[in-house]
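Here our numbering is used: the first residue of the sequence shown is 229, the next is one more, and so on.
Presented below is the structure to which this report refers.
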Amino acid sequence: MKTALLAPLAMLIVAGCSQPDATNTAAAAPADASQGSAVAANTRPDGSIIDESKPHEHTEANAHDKPMGDMAMMTPAAGDSAATKGYKQSMMKMMQGMPPYTGDADVDFNKQMRTHHLAAIDMGKVQLANGKDAQSRALAIKIIADQKREVAQIDAWLQKRGQ
């Protein structure tokens with residue numbers, strides 16, 4: 229799968245957000261040596277101020293207050309649309325299904341990515357069941373096919389190594 233397609237999904241997963249926001253892209257930017265760390269922790273690279281009272285404003289200062297972006301935020305709620313419930317369920321399934329780390333960078337990468345790819349497949353299926361936009365549906369079909377191919381590749385790699 230192309231990196232450009234993974235970046236938004238990866239940001240959602242790492243941040244644990246249920247809503248994408250352009251402000252997330254700069255959350256973990258390193259501090260400029262000329263700025264104090266307090267300033268860097270509360271600003272984006274473009275100089276705009278981060279509002280840490282907003283749950284989607286992930287920064288070094290608030291990143292660990294709620295592990296994985298507060299799992300409760302990913303729990304389907306009564307008022308959620310069918311699509312939102314499906315997306316939240318796929319995220320919860322992924323987060324709860326992440327395998328333990330082994331300390332072997334190659335094995336951990338493959339095992340973690342396998343779980344991540346399965347979530348992408350689930351999210352694609354939710355899109356197809358609920359979405360109407362032709363471009364989004366086409367992308368979901370492509371993601372499902374690409375991720376299934378990559379899961380098979382990962383499975384073969386893991387099996388070859390007795391994992």
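Glycine included, C-beta positions come from ideal geometry on N, C-alpha and C.
(request) Check residue 309 in the structure and name its three-state DSSP category. (result) Here residue 309 carries a coil assignment [DSSP, helix/strand/coil].
(request) Give every residue of the same chain whose Cβ lies closer than 8 Å to the Cβ of residue 386, excluding the five residues on either side of it in the sequence, and list them in chain order. (result) Within the same chain, Cβ atoms closer than 8 Å to the Cβ of residue 386 are found at 335, 338, 339, 342, the five residues on either side in sequence being excluded.
(message) Just to confirm my understanding: we take residue 347, look at its own chain, exclude 5 residues before and 5 after, and list those with CB closer than 6 Å. What are they?
(response) Exclusion of the five residues before and after residue 347 leaves 318, 322 as the residues of its chain whose Cβ lies within less than 6 Å of its Cβ.
(message) Just to check my reading of the structure: residue 405 and residue 372 have Cβ atoms closer than 8 Å, yes? What is that Cβ distance to the nearest angstrom?
(response) Examination of residue 405 is not possible in this model, given that the chain is present from 229 through 391 alone.
(message) Nearest by alpha-carbon distance to residue 312: which of 377, 389, 356, 374 is it?
(response) Check the Cα spacing between residue 312 and each of 377, 389, 356, 374: the tightest is with 356.
(request) Compare the beta carbon distance of residue 344 and residue 379 with 7 Å and say whether it is the shorter of the two. (result) No, the Cβ-Cβ distance between residue 344 and residue 379 is not below 7 Å.
(message) Mapping the DSSP letters down to three states, classify residue 329 as helix, strand or coil.
(response) Three-state result, residue 329: coil.
(request) Let me know the secondary structure DSSP gives residue 374 once reduced to three states. (result) Reduced to three states, the DSSP call for residue 374 is helix.
(request) Go ahead and pull the three-state DSSP assignment for residue 360. (result) Coil at residue 360, not helix or strand.
(message) Rounded to whole angstroms, what is the Cα-Cα separation between residue 474 and residue 391?
(response) Residue coverage of the chain in this structure runs from 229 to 391, which leaves residue 474 outside it and unanswerable.
(message) Tell me the rounded alpha-carbon separation between residue 324 and residue 304.
(response) For the pair residue 324 and residue 304, the Cα-to-Cα distance works out to about 15 Å.
(message) Using the Cβ count rule (16 or more neighbours within 10 Å means buried), how would you classify residue 331?
(response) By the Cβ neighbour-count rule, residue 331 is exposed, with fewer than 16 other Cβ atoms within 10 Å of its own.
(message) If you reduce the DSSP assignment to three classes, tell me which class residue 389 lands in.
(response) Reduced to three states, the DSSP call for residue 389 is coil.
(message) Beta-carbon within less than 8 Å of residue 358's beta-carbon, same chain only, minus the 5 sequence neighbours each way: which residues are those?
(response) Excluding sequence neighbours, residue 358 sits near 309, 310, 311, 314.
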